[in-house]
Structures are given as C-alpha cells and as structure tokens.
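Below you'll find the structure, written out as structure tokens, and then a few comments.
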Amino acid sequence: MRRITSIALLLTLFCPGLGSSQEEAAAFLGEPDAARIEALRTAEISEVTKGRGGRSLAFKITLADGTRGYFKPKQAFSAAHWYSEVAAYYLDRELGLHRVPPTTGRTFRWSALKEAAGRDERVSELGIAPDGTVKGAFIWWIPEPLKRVRMGRKWERWVRIQKALPVTPYQRPVDYRADLNRRPGVREATDPSRPIAQAPDTEERPAELSDLIVFDYLTQNVDRWGGDFTNVRSRELGGPLIYMDNGAGFWLGEQRLGLMEARLEALQRFRRSTVEAVRNLDIERFSAHLRADPLAPVLNEKQLDGLAQRRRAVLEHVNAMVTRFGEARVFAW
Ligand SMILES: Nc1ncnc2c1ncn2[C@@H]1O[C@H](COP(=O)(O)OP(=O)(O)O)[C@@H](O)[C@H]1O
Ligand SMILES: [Mg+2]
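In the working numbering, the protein residues as written are 361 to 693.
What follows is the structure in structure tokens.
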C-alpha cells in the first residue's frame, strides 16, 4: 500500500501534466529536480571521497551516470540531522522557493564508504545499523565553487524598518548569548573590526535574506550565521542565494527556541509572495511528500506539529508588524 502511495506521489511530484502546478515546478533555481532525484535515489556508486569543510563527516559520491551527491549520514552530533536536510528540501519546494539543492533520503552499505572515511575519528559518531547500512541525506552536488555572499556587520538593517538592534541574533548561538550577557569593557563576540555593511551586492539580496530567515525559522535551523557566513552562499558572484547546510534543524525536543524567536522578532520586512506561501503551506501535503521519501516518514508527529506552530508564529509576527508599521513598509518586496 505504502509503495503504491509512493509511486503515485512521485508521479505527481515529478511528471509534467500531473498534480498541481507547484509540484510540476519542483526545481532548483529553475533546473528541474526529477532526473537528479532519480539518479540520487537509484544510481550505483562509482567513486567516493571524504567531504571537507564542515563539522559533519560526509562523503562526496560520484554515481555511475556521472551525477554527484554529498552524502551526510546519520551522525550523533547535535547539529547533524540528516532528516533536517531532507525535510528542508521538501519544505523549500512546497513553499516554491527553489533554493535547496535536490535532496533525498538514501541508505548505503557502510562497506562502500569505509575506505574513504579512513581513520577519521568521527566514524564512531555515525549511525551504522547492525545490518551494516547507514542512512542519510543525499544532496545533489553543486558543480561550481560556491561563492560567499559578503555582507558585513549590521547587514540586518536591510531587512528591518527600525534600524537599531543592540545585539544581533544573526550570529552563532554562543556568540549571541555572550553578547547578550556582555559586561561593559568586554569585547563584542561579533568582531567589531569587521566592516559595516554598505549597500547589498544585488537588488534582490535583502528580500532573499528575509526569505532565508523565515525559512530557517520554519525548519528551526539554528546554524546559519556562523563561520563568517559560510552557509550564506550563491553559485556565482552576485547570483541568487542558495540554502545549503540545513542539518541543524527540526529538533526533536523544544519546538520553539529562544534564539530562533529572537531571529524572527528582529525581522521586520517581508516579501509578500513568501508570506502568502507560508499562509498557504499545506502541512498535510508536505508530510505526504515526506512519506514518499525512501527514508519515510523523515519527521515525526511532534516535529510536524512544531512546524505548524512555527508557521502560525510567522503569520502572527507579520500581522503584528503590519499593525505597527503598515503594509507598505512591511511588505517591502
Ligand atoms: N550540495 C553541495 N554542493 C556543493 N558543495 C557542497 C554541497 N554540500 C556541501 N558542500 C561543500 O561541503 C562543505 C561542508 O558542507 P556542509 O553542508 O556545510 O557540512 P556541515 O554540516 O558539516 O557544516 C560546504 O562548505 C561546501 O563547500
Ligand atoms: Mg557547514
């Protein structure tokens, strides 16, 4: 029964002419997902190397048909949630944002990855099952060297009506806490020597950053603004923002986190179409897509309910902003 449901859903998701127009349009920056998802789900491994640059132990895998993917396995490290990467992908498509690279759940045999991992200490953190398999998020590899979006300090003025914000919540959780509790004379965690943000590098950047804050609030991704904005990138200089590294979300515990509330509260300008997409988000349909993933159900009831709560919170916050500042200023784009 589940198999039939999955096939029907895959058909509506990826076949033109079936399903709603939003589902037909499943794409990453205008490039259709269908063939990439199919390859990520089914093609055999041809080459594996260990990933570089992140805290998680992940693998860059070339498949037999030439498709490349980044496999982020189940890992017992607090910010490496394979299910968050997968759920973020489906949510991005559901909202029509098209910024998360095509992603699917997949299971590999550990023996196929072991050699590439070598003697990496993080192997002990991986969730290798007794049958020798390991599940994880398999993310389409973006071929271009990714470009950092340079913003500078106080960039958040771009997404605010009131400019002043004593402590920015758009920084690493530990730095935010340190700055909140900072005593006079102690240096700010937000490096004061960094240049102050000038004009955004593109006209659309403020709207894109506003969307990203809304998206991360919904997915509960706490890890966006650290490491000199390493997780704020584009495929080409001045190109559209992509949402990569979505593993620190969809927490199993608390569904509303103080830091994330502060990040939402600080956001005062919105793209009208994004707010509409959040309003129209059909959580039942979203969860049906998760149930069609090879690693279904991906999220549990508590996590889905948390998403519903956070969706309501976004809409309430937008309403409060409109009451305070008026539609024209809040819906800036
Ligand atoms: N889908 C992708 N396409 C291209 N490069 C990627 C992709 N995913 C990750 N990378 C590269 O690998 C690095 C680490 O990945 P990331 O998802 O940030 O892992 P972590 O969760 O460990 O921080 C990134 O900084 C980027 O350079
Ligand atoms: Mg990272």
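Beta carbons are placed, not taken as given, at the ideal position from N, Cα and C, and that holds for glycine. Computed from a predicted structure; not experimentally measured.
- Using a C-beta cut-off of 8 Å, the region 468-488 makes no contact with the region 644-654, since fewer than three inter-stretch Cβ pairs fall below that distance.
- C-alpha of ARG629 to C-alpha of LEU659: approximately 30 Å in a straight line.
- In this chain, the beta strand (DSSP E) harbouring LEU423 covers 419-423.
- Rounded to whole angstroms, ILE521 and GLU481 show a C-alpha spacing of 47 Å.
- Remark: C-beta atoms of ARG631 and ASP571 approach each other more closely than 9 Å.
- Minimum Cα-Cα distance from PRO533 among the listed residues THR550, PRO526, VAL519, ARG517 corresponds to THR550.
- Per DSSP, reduced to three states, the secondary structure at THR562 is coil, with no helix or strand assignment.
- Between the C-alpha atoms of ILE499 and ASP583 there is a straight-line separation of about 18 Å.
- No Cβ-Cβ contact shorter than 9 Å links LEU624 with ILE643.
- With 5 Å as the limit, the residues whose C-beta approaches a heavy atom of ligand 2 more closely than that are GLY414, ASP605, in chain order.
- The closest heavy atom of ligand 1 lies less than 8 Å from the beta carbon of TRP500.
- For the pair PRO505 and ASP605, the Cα-to-Cα distance works out to about 15 Å.
- Only residues of its own chain outside the window of five on either side were considered, and among them LEU578, VAL638, LEU641 have a CB closer than 7 Å to the CB of ARG671, listed in chain order.
- Leaving aside the five residues that flank TYR443 on each side, the residues in its chain whose CB is nearer than 7 Å to its CB run, in chain order, PHE610, VAL658, LEU659.
- At least one heavy atom of ligand 1 lies closer than 8 Å to the C-beta of ARG412.
- Listed in chain order, the non-local C-beta contacts of ARG554 below 7 Å within the same chain comprise GLY512, ARG513, local neighbours out to five positions each way being set aside.
- Contact between PRO560 and LEU389 fails: their C-beta atoms lie close to 19 Å from each other, not under 8 Å.
- For ARG517, same chain residues with a beta-carbon under 6 Å away, outside a window of 5 residues either side, are LYS523 in chain order.
- Under DSSP, PHE388 shares a beta bridge with GLU391.
- In this structure, LYS434 has its CB at a distance of at least 8 Å from all heavy atoms of ligand 1.
- DSSP places LYS410 in the uninterrupted beta strand (DSSP E) bounded by 405-410.
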